[in-house]
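Enquirer: If you're matching positions, the sequence shown starts at 47 in this note's numbering and goes up one per residue. Heads up, the beta-carbon is just placed ideally off N, CA and C, and yes, glycines get one too.
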Amino acid sequence: MACAGGRTFGDSGAMCELTLTLRVPDQRPVVRTLTCDPAGGDHPHAAEACGALAALADPFAPTPPGTIATMIYGGPATVTVDGQWRGQPVHAVFDRTNGAEISRWERLGPVLDLDDTDTPGA
47 MACAGGRTFG DSGAMCELTL TLRVPDQRPV VRTLTCDPAG GDHPHAAEAC
97 GALAALADPF APTPPGTIAT MIYGGPATVT VDGQWRGQPV HAVFDRTNGA
147 EISRWERLGP VLDLDDTDTP GA
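1) Let me know the secondary structure DSSP gives GLY86 once reduced to three states.
2) State yes or no: is the C-beta of THR65 within less than 8 angstroms of the C-beta of THR79?
3) Taking Cβ to Cβ, would you say PRO105 is nearer than 8 angstroms to LEU154?
4) Using CA coordinates, which residue listed in SER149, THR126, THR124 and GLN73 is at the minimum distance from MET117?
5) Figure out for me which residue from ALA138, ALA95 and ALA123 has the closest Cα to the Cα of VAL76.
6) Go ahead and pull the three-state DSSP assignment for ARG153.
7) Can you name, in chain order, every residue of its own chain whose Cβ lies under 7 angstroms from the Cβ of THR113, other than the five neighbours on each side?
8) State the Cα-Cα distance for the pair ARG74 and VAL157, rounded to the nearest angstrom.
9) In three-state DSSP terms, what is GLY145?
10) Would you mind reading off the limits of the beta strand (DSSP E) that contains LEU68?
11) Starting from GLY129 and walking both ways along the beta strand (DSSP E), at which residues does that stretch end?
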């Protein structure tokens, strides 16, 4: 799987290198790294996460302004993603504060699954 423009991770430095931080109130943050091509880092589902990211055109896009969202609360967990994806800088925050944000979180599937606990929304 190529990270950007047909080039792989090793061709041009950190093309696919992310730091993901899961925060849940009253718990220690969980910090994981994810690299792709090859899948690695200490992310517990690195290969699946890289595959999920590769399948999306713009995996870190925010929910568009004006999106109508159901008033469903999915829990207090947040994940902050920083680094580079396909050669572009990434800073994205994911939460589960309403239906649109829950859908955005779930679209990334294994990418945001950072620990092996039963933390809702993690």
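Expert: Answer, in terms of the structure:
1) strand
2) yes
3) yes
4) SER149
5) ALA123
6) helix
7) ALA146
8) 19 angstroms
9) helix
10) 62-69
11) 124-131
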